[in-house]
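Enquirer: In case it helps, this note's numbering puts the sequence shown at residues 2 to 274. Positions of the beta carbon are idealized from the N, C-alpha and C atoms, including for glycine. Quantities reported herein were computed from a predicted structural model and do not represent experimental measurements.
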Amino acid sequence: MAEARVGPDTLVAEEPLEIRVGGAALAVTMRTPGDDIDLAIGFLLTEGIIRQAADVLTAKLCSGDEEPNSYNVVDIRLSADVAAPVAQSAARNFYTTSSCGVCGKASIDAVRTRSAFDVSADPVTVAPSVLAALPGALRRRQRAFDTTGGLHAAGLFTPEGELVCLREDVGRHNAVDKVVGWAVRQERLPLTGHLLMVSGRASFELCQKAWMAGLPLLAAVSAPSTLAVDLAAEAGLTLVGFLRGTTFNVYAAAQRVQGVPSLPPPRTRQTAH
């Protein structure tokens, strides 16, 4: 029998973050405040604007050095040898809450020309038992999710399943950018021999971010899109979806999953009606 209850609830924060480069506005994304410098640097890396930590001279919160970032602005100064970005080329130079605005072979070609890393050459392999344990390992470390129930997570793991970095955000793409930005600042790129586990689905944008960071494997608890599979296959990126319990599907570069045949499962394309 349903029971109505009255009382306070803890909700996840969602606020706009403006990313500036050299004082000029580049992009605005809706995010959960926290790790904003990592988010901004990760965004610049995954959009192909920077390629390494040395490309960033300074990165600061416009309200000072303290979190949370009450002014919701991050300003980044780039090295003199890095070309200034054009706002119209950024994927999120407008308010957005989902991956959109990119499609087809032209988008895959654009990622190929911008990525500095050849993930297809990464020889890392992972045991199915390690993959099966990733969602639980991710969930156990989601402290903000425990109180709000409304956050996505991205976790960087070793091939043995050891968690290296975890970030949460209202947006999957932001959570990934926060992990990538952390890796940039730690001078860990490319992320050779690492795995990225995300809550939710595997979109084209998340595959793009994984490729741009040099990650050889992306795993998600839900489904990939057809374009995500196409991009993963093009990059040689291992793409795992429907990772739940002890089962999962491998959609591209299956040779990195021990004991899995090299050919991906067949699929059909379905459009919304």
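Measuring CA to CA, which of Gly172, Ala220, Thr239 and Trp183 is closest to Arg245?
Expert: Ala220
Enquirer: Ends of the alpha helix (DSSP H) at Leu27?
Expert: No alpha helix (DSSP H) holds Leu27; the beta strand (DSSP E) holding it covers Ala25 to Arg32.
Enquirer: Counting pairs of Cβ atoms below 8 Å between the stretch 201–214 and the stretch 113–128, do you hit three or more?
Expert: yes
Enquirer: Does the Cβ of Leu167 have 16 or more other Cβ atoms within 10 Å, making it buried, or fewer, making it exposed?
Expert: buried
Enquirer: Note down the Cα distance separating Pro262 from Gln53, rounded to an integer number of angstroms.
Expert: So the two alpha carbons sit approximately 35 Å from each other.
Enquirer: Out of Val75, Val125, Ile51 and Ala55, state which residue places its alpha-carbon closest to the alpha-carbon of Leu62.
Expert: Val75
Enquirer: Please work out which residues of its chain come closer than 6 Å, Cβ to Cβ, to Gly49, disregarding the five sequence neighbours upstream and downstream, and give them in chain order.
Expert: Arg115
Enquirer: What does DSSP give as the partner residues of Phe158 in its beta bridges?
Expert: Leu164 and Leu196
Enquirer: From Leu139 to Thr193, what distance separates their C-alpha atoms?
Expert: Cα to Cα, Leu139 sits roughly 20 Å from Thr193.
Enquirer: Asp177 bridges to which residues according to DSSP?
Expert: In the sequence on display, residue 177 carries Val and not Asp. By DSSP's assignment, Val177 forms no beta bridge with any residue.
Enquirer: Given this structure, state the Cα-to-Cα distance separating Val162 from Gly172, to the nearest angstrom.
Expert: Note that residue 162 corresponds to Gly in the displayed sequence, not to Val. Using only the alpha carbons, I get a separation of about 24 Å.
Enquirer: Does the beta-carbon distance from Arg78 to Leu58 come in below 9 Å?
Expert: Taking 9 Å as the Cβ cut-off, Arg78 and Leu58 qualify as a contacting pair.
Enquirer: By alpha-carbon positions, which one of Asp123, His153 and Leu46 ends up nearest to Val83?
Expert: Leu46
Enquirer: Suppose contacts are defined by Cβ-Cβ distances below 9 Å. Is Ala133 in contact with Phe249 by that definition?
Expert: Contact: yes.
Enquirer: Considering just the uninterrupted stretch of the alpha helix (DSSP H) at Asp76, what are its terminal residues?
Expert: Membership of Asp76 in any alpha helix (DSSP H) is not indicated; the residue belongs instead to the beta strand (DSSP E) covering Val74 to Leu79.
Enquirer: State buried or exposed for Tyr252, treating a residue as buried only when at least 16 other CB atoms are found within 10 Å of its CB.
Expert: Classification of Tyr252: buried, given that the 10 Å Cβ count is 16 or more.
Enquirer: So, is Ala60 buried or exposed, given that buried needs 16 or more other C-beta atoms within 10 angstroms?
Expert: buried
Enquirer: Looking only at its own chain, which residues have a Cβ that is under 8 Å from the Cβ of Glu15, when we skip the five neighbours before and after it?
Expert: Met31, Arg32, Thr33 and Val171
Enquirer: Taking the alpha helix (DSSP H) that Thr126 falls in, what are its first and last residues?
Expert: First-last for Thr126: undefined, no H or E at that position.
Enquirer: Leaving out the 5 sequence neighbours to the left and right, which residues in its chain are closer than 6 Å to Leu196 when beta-carbon positions are compared?
Expert: Phe158 and Leu218
Enquirer: In this structure, what does DSSP give as the bridge partners for Ile20?
Expert: Ala28 and Val75
Enquirer: Along the chain, where does the beta strand (DSSP E) containing Ala60 start, and where does it finish?
Expert: Element bounds for Ala60: Val57 to Leu62.
Enquirer: Report the three-state DSSP secondary structure of Gly260 (helix, strand or coil).
Expert: coil
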